[in-house]
Every structure is written in structure tokens, then in C-alpha cells.
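Below is one structure, written out as C-alpha cells, with a few remarks after it.
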Amino acid sequence: MSRAFAAERQRSISEPKAFLEACRVAEALLFAAAEPLDADTLASRLPRDVPVADVLVQLREDYADRGVQLVEVAGRWTFRTAEDLSYLLAREAQETRKLSRAALETLAVVAYHQPVTRAEIEDIRGVSAHRGTLDALLETGWIRLRGRRRTPGRPVTYGTTEAFLSHFGLSAVDDLPGVDELKGAGFLDGRLPAGFTVPVPSDDPTLRSDEDPLDEDLFTLIAEEKASAVEDPLGDEDER
Amino acid sequence: MSRAFAAERQRSISEPKAFLEACRVAEALLFAAAEPLDADTLASRLPRDVPVADVLVQLREDYADRGVQLVEVAGRWTFRTAEDLSYLLAREAQETRKLSRAALETLAVVAYHQPVTRAEIEDIRGVSAHRGTLDALLETGWIRLRGRRRTPGRPVTYGTTEAFLSHFGLSAVDDLPGVDELKGAGFLDGRLPAGFTVPVPSDDPTLRSDEDPLDEDLFTLIAEEKASAVEDPLGDEDER
Amino acid sequence: MRKELSFEAPAAVDRGDAEPALLVDVDGFAGPLDLLLELARRQKVDLHKISVLALADQYLEFIEAARSFRLELAADYLVMAAWLAYLKSRLLLPEPPKTDEPPAEELASRLAFRLRRLEAVREAAKKLYDRPQLGRDVFGRGAPEPVHVEHRTEWAATLYDLLKAYADQRQTKALSRVSFSKRFVWSLSDAREALDRLIGGGLDWTALDDYLMEYVIDPARRATVRASAFATSLEMVREGVIDMRQDGAFAPILIRSRKPEPERSPEGAPTA
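Chains as they are written, first to last, in this note's numbering: chain A, 1 to 240; chain B, 1001 to 1240; chain C, 2001 to 2272.
Written out as C-alpha cells, the structure is:
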């Protein structure tokens, strides 16, 4: 009998059988699912008296040192290969489209400053947005059109998606690396005069008080945004 | 620190670190692979001095009691949901359908007249049985093949099942009302000829003296019955 | 020539210190702010302590040199140059007593802020990029197991439906047996039997229809009775058992028993 198995048996003495069974069920569901699962979905398949949070904590611990780990992304749970094995698994990686520097920088601005308009992105980057950069990001499914800012011209606001969080292994936008430093330095204070409360990035789908819902269909909007995009002769898209 | 984690650490004292790392790598590779992996493929990704067979044995043991298990499929290895949890991967989509009038009538005849052959059903109903009506009833689980009548052609006899009783809320099949009760409840009116009777039904599983047991397997029987069914151009399925 | 400006290590871009190298790099920058940030880094001080005046000088110098080589500098570089020239003059000259413009120091600190913010965003982007990414560094389940949807049919039937179906069909069948009329067709043998009985008593000329009506209770059966009786009577004429006559079209058909004597009645010939 393997030691791991022995450890299981030992545990079963101290922990109720129902809890172990709940762990197995959650484990099976998380392994089988193609997408991260939220706690409610898991809870609906577990015995009622077993708290799903405890099960998730237990599973996360069980897998902490293994080659596969339980992680929270976008508020949902999923198994992922351990980060430190990246060097070995990289060979498995399919050719993923590399984002240009401009696109990555724009993505970061959207992520940290959301909800954010094109003009604000341009202001922060100090360059007019290259046509296609936002399109390319929209195409990745990592950013989305959120609504319209309630200011003259009613510009479209952008924000990130759950797919963005999932791709970068973030449980929420609050987990963005360095978000506290940026906030502390007032860098997220994009459009408010100094002295106002410092905004934090939020992908909360609820529109802010200064956002209106998008009423047109998406294609019209994208076309409109495209038309208003300045063709930048120093196109940062062409850098690499 | 969880017990599982403690077990890991304990193991790492007695087993070479390289072996544990190899287990982690194999685990991650098997998890991430779109298809089962063979031992050679795994071996090519592991440190050379670690025997892949040992790694697979260890992993299989590690997962033996978990919700997912390492299984060998056609000489390749993959993680699969534990068999006893396969129900998690099945979702039932329930749809409610009404039995056709023909099926309902046939069912009623089987219930009252069991054990009854197809020819007898046709005689009682005064209409040739539409192919599929008995099949459909067999599918509901309410009727079953009982045996064979000891007459020329050895026709199959039909009877009702316990599922039939439980669906219709009967404690026994002789709870079905007799002719007087049917009259009393208004199902039959007074215009009936003298000598009109309704049998006292019995679903006693013991074969009657004129019944032989079914010796063929069920599929052969059903195929045989299907072949003998007359395709009725005036299918009673179309009666209504 | 395009200069690769590696995002991962922007500060490490090798431009050397020689101005001409910078000149050809101009389209390697993502806009004037990027250029300013690069120039600011060259001051090799904390961006908080940057001298905006010195930065403006460097930028203007750079643009001047660039224009001597290439005339087609992008407009926003020139706009920035003009703005920096204006800022420089504001910073150098004593502040006018009253103006709508914000103080020059504030403009300078705003520029410094924008530079620091751009740098911070770039660092954030780098940190984001360095995170383990799905499909690059970490992987999800390669072969997720699909959920099989099993369509289960729940048959709806009540005991009421069952009893009604049973009673209805039994009753229909039982009643149909009783009301099933004994003869919808009066067969030739039935007709023969009746006619034999009729002529057995030595029948004289009698209208066939009058006699037949005794058998026809249901008017619907009149046709079959008449047809069978007529066919049978023709047969009986052929056999020489009866005589038959009809006095005119649509007149009653009369029959009588044939007398045993061979004498033939002139009217004996049957009419069709």
C-alpha cells in the first residue's frame, strides 16, 4: 500500500466519510470540466451538509505539492498544471498568437483602468491608438465593450472579461500584479482631479454611474470605433 | 498544513527528490494531454534515471481512492473520473410524453388479460397491432415478456411489471376494477350484451401451465416479434 | 531601419550615446511620450526627481536633429515639441501676475506624472505578461470529459386514462358484435329457400315484390333482397320450376308455380 493511500485512510478516521466523498465528487467534477466551475455549481452536486468552501480548501491543500493544482480564476475553480513545471510543459504549448507590445500595453491599461475609454487609453499611453490594436484584443476575448461613458460624445468604455482572468490565472481584477502600488501612486486616477477618491479597476459588469448601456449591436460599435481610430503612421503595431 | 501535504513531506524523506519530481511532471503531462500518453512518451520527458513504470505505479496508487484515477487504456495512460462517480457526468434531460391511444389500449389489454399473446391482444382490440406499439410499451418498462404460450407457433406472452403497478398507484394488479366497478364509475354503460366479462387480472410471475419459459435472449425475441409484426397501413397509431 | 524596442527590457535598448543613433530610432518609439520617457531615463535619476526643463531641452534638441535628417516627423512629435518649447519659456520667465493658465510648475509636474504613470503601466504590463499564462506556462485538463445528456422519457398516463381506454375498446367491440346485422347480403341460397317455400304451396300469379316485402324490414336491404330473388327466380324459370311474367316496363314481376302438365302458357316467356 502506498503512503499516499495510507494517508487517505488515516484521514478517513478523523474526518467524516461524507466529507471525503464530497472531496472526491468535487475533484471529479473539476477534473472533468472543460471550464472553471463556480462554488455554487459544485455545491449543487455535493451533499448538502458539506460546506463547499471546506472541500475546496482541502483539495487545494491535497494538491498543493503535486504536478496539478487547484486554482481560483475569475471567481471559479479549476485544476491547472503547476506553474513551476512550465519549463517542461512549454513544449506542449500550441502556437499561441503573440501579442504585440502595443496590444499588451493596451491590455494592461484596460485591465488596470477599467472601465476606460479609447481616449483615456491614448492619454495614458501618449500615443493615438493604432487601428487594430483594440480589435485584436477584442478578438482574443480578453477585453469587451462595456458601455458608454456619460460624457460628450458618449465614448465606448472597455473592460476585461472572465477569459482574461482565466488566461492570466487571476481570481479577480484586484489580483492584478502591482495594482496596490499603482493605486497608491495615484496612477489609476485616470480622469478624476487629484483629491478625489482613487478608483480601482473593476470589471464588475454592473455599469458605473457614469456609464450607459450599449444599445447598438456589437458590430456597429466596432465599425464605429474602427472608423474613429486614427491610422498612426508610427504604428506601434509594426514595431516588432 | 494539511495531512496530505504532511504525507508528501514524509515521502520526500524516504524517496529521492528526483522521483517525486518525476511523479509531478508525469502527473502534469497526463493531465494536460489531449489524449492518453504511452509510457515511452512520458519517459522521454522524465529524468533518465527514473523508471517510468515506477512513476506510473506510484501515481496510480496515489489516485486509487480519489475522484479521478489513473487508468491504462490500450497501453496508454490517462486520468479518468472514478467509475463510481460516472453518474456525475450524466445529466438527465427528462421529457414528458403522452402514450398514444393505441399504446394505452394495448397496455390496458395486457394488464387485464395477462398473460396474453400478440394475437390475443389483436383479437380483443379488434385491430392488428401496430408495429412499435408493443416495443414502445416494453420501453416504458410497464410490460414485459413473460414466456411462451404452449400452442403452435409458441407465441410470446406479455404481462405487466412492478413499474406498471407503481406508476399507476396499484398495490396489486387485481386492484384494477372489475366489470361492476367499471360500470359504477361510468366507464362502461348499460348497453353491454349479456355475458360481457372483464377478467380478474393476475400478474403472478409463476408461469401458467400453458406457458413455457423464455429461453432466448431478449434481443433475439424482440427482433423476432418485430419481424412478425404486421405493418398496418391503417396503423392504429393513426386512429385519432 | 527599424529598431526593435524590446518591451521586456525597455531600458536595456542599446542606443549608445551618440546622437545620430537616436535619430534613426525615432520611429522605434510609440509616440512622443515614449520618446520623452526614454530621454528621462537617460537622466539616470528617479523619475520623481526629473528635471522637466532638462527633458524639454533634450527633446527639442532631438527633434531639431531629427528634422535636419528627416523632414517627415509625425505631427504629434511636433505638437509635443511646440508644447515643450512653450513650457520651457514659461519655466524660465517669471510667472505673469495673473493668467488663466495653470502655473508652469503644475504643467511640468503633470508631464512628469504622465511619464511616471506610463512607466508604471509598462511595468504592470510586464508583470502581467510574466504571469503564468494558460496554454503557455500552465495547462488545463487536456481531455475534459463531456457530460452525457441522457434523454429520459417520462410517460404520462393515469389510471383514469388506462381504465377509459380499456372500457372504451371493450365496450365498442362488444356492442359492435351484437349490432352486427345477420345479413347485409340476402344470399342466393337464402332467396332460393324462400322462393321454394313460396311455390311449394302451388302458387298462382303473384307479384314478386309483394312477397319479398315480407322479408324486407329494413328498407336498406331492399336492393339485396330484390336482386337475389330476381336472380334466383330466373334460375328457377330455367329449371322449369316457375313461370314468370311482366306486363310492361316497370310493371310488377309476377311468378307462379309451373303446373306439372307440359302445356305452355303463351305468356310464359319471361321478360328481362
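The beta-carbon is built from N, C-alpha and C at its ideal position, and this holds for glycine as well.
Note that the coordinates shown come from a computational prediction; the quantities given were computed from them, not determined experimentally.
Which value, in whole angstroms, describes the spacing of the CA atoms of residue i and residue j?
| i | j | result |
| --- | --- | --- |
| C:Ala2125 | A:Ala108 | 5 Å |
| A:Val25 | A:Arg45 | 8 Å |
| A:Glu21 | A:Arg48 | 12 Å |
| B:Gly1147 | A:Lys17 | 46 Å |
| A:Thr81 | A:Gln69 | 6 Å |
| C:Tyr2211 | B:Ala1194 | 35 Å |
| C:Arg2041 | C:Leu2035 | 10 Å |
| C:Arg2192 | C:Ala2229 | 7 Å |
| C:Ser2187 | C:Val2241 | 19 Å |
| B:Asp1204 | B:Leu1104 | 22 Å |
| A:Glu35 | A:Trp77 | 9 Å |
| A:Val71 | C:Asp2130 | 18 Å |
| C:Lys2098 | A:Ser166 | 55 Å |
| B:Gly1067 | C:Asp2168 | 55 Å |
| C:Phe2029 | C:Ala2104 | 27 Å |
| A:Phe19 | A:Leu59 | 11 Å |
| B:Lys1154 | C:Arg2170 | The amino acid occupying residue 1154 of chain B in the given sequence is Arg; Lys does not appear at that position. Cα to Cα, the separation comes out at about 26 Å. |
| C:Ala2075 | C:Ala2066 | 13 Å |
| A:Ile256 | A:Thr106 | Given that chain A is displayed from residue 1 to residue 240, the structure contains no residue 256 of chain A and the question cannot be resolved. |
| A:Glu237 | A:Ser128 | Any reading at A:Glu237 needs caution, since the residue's pLDDT is 41, under 50, leaving its predicted position unreliable; the model's value is listed next. When rounded, the distance between both Cα atoms is 12 Å. |
| B:Arg1144 | B:Leu1188 | 28 Å |
| C:Gly2248 | C:Lys2259 | 24 Å |
| C:Val2185 | C:Thr2172 | 23 Å |
| B:Asp1038 | C:Arg2141 | 17 Å |
| C:Thr2232 | C:Leu2203 | 16 Å |
So what's residue i in DSSP terms, helix, strand or just coil?
| i | result |
| --- | --- |
| A:Asp40 | helix |
| B:Leu1104 | helix |
| C:Ile2255 | strand |
| A:Ile143 | strand |
| A:Glu181 | helix |
| C:Val2052 | helix |
| A:Glu35 | coil |
| C:Glu2150 | strand |
| C:Ala2143 | coil |
| B:Arg941 | This structure gives no information on residue 941 of chain B, because the portion of chain B shown stretches from 1001 to 1240. |
| A:Ala172 | coil |
| B:Asp1212 | strand |
| B:Val1156 | strand |
| A:Leu46 | coil |
| B:Leu1207 | coil |
| C:Leu2134 | strand |
Measure the CB-CB distance between residue i and residue j and report whether it falls below 8 Å.
| i | j | result |
| --- | --- | --- |
| B:Ser1202 | B:Val1173 | yes |
| B:Tyr1158 | B:Pro1213 | no |
| C:Leu2087 | C:Leu2107 | yes |
| C:Leu2055 | C:Leu2039 | yes |
| B:Ala1111 | B:Leu1176 | yes |
| A:Leu30 | A:Phe79 | yes |
| C:Glu2145 | A:Ala32 | yes |
| B:Thr1133 | B:Ala1163 | no |
| C:Ala2194 | C:Pro2252 | no |
| A:Glu27 | C:Asp2137 | no |
| C:Leu2162 | B:Leu1182 | no |
| A:Gly126 | C:Leu2033 | yes |
| A:Trp142 | A:Thr160 | yes |
Is residue i buried or exposed, if buried means 16 or more other CB atoms sit within 10 Å of its CB?
| i | result |
| --- | --- |
| C:Ala2077 | Residue 2077 of chain C is actually Tyr in this sequence, not Ala. Classification for C:Tyr2077: buried. |
| B:Val1057 | exposed |
| C:Trp2205 | exposed |
| B:Ala1094 | Residue identity differs from the one stated: residue 1094 of chain B is Gln in this sequence, not Ala. Label assigned to B:Gln1094: exposed. |
| A:Gly184 | exposed |
| B:Val1073 | exposed |
| C:Glu2008 | In this prediction, C:Glu2008 has a pLDDT of 34, which is less than 50 and means its spatial position is unreliable; nothing more can be read from the coordinates. |
| A:Phe168 | buried |
| C:Ile2255 | buried |
| A:Ala7 | Confidence in A:Ala7 is poor, its pLDDT being 49 and thus under 50, which makes the residue's placement unreliable; the coordinate value appears in the next sentence. A:Ala7 comes out buried. |
| A:Asp210 | exposed |
| C:Thr2158 | exposed |
| C:Phe2062 | buried |
| C:Phe2139 | buried |
Original post:
Residue ranges of each alpha helix (DSSP H) run of no fewer than 4 residues wholly in the region 2199–2249 of chain C, ordered along the chain?
Top reply: Listed in chain order, they are 2208–2212 and 2222–2238.
Original post:
In the region 1052–1131 of chain B, which residue ranges form an unbroken beta strand (DSSP E) of at least 3 residues, counting only runs that do not cross its ends?
Top reply: Taken in chain order, the complete beta strand (DSSP E) segments of 3 residues or longer contained in the region 1052–1131 of chain B are 1068–1073, 1076–1081 and 1090–1098.
**OP:** Only counting runs of 3 or more residues, tell me where the beta strand (DSSP E) segments fall wholly within the region 2069–2114 of chain C, in order along the chain.
**Re:** With a minimum length of 3 residues, no continuous beta strand (DSSP E) run stays inside the region 2069–2114 of chain C.
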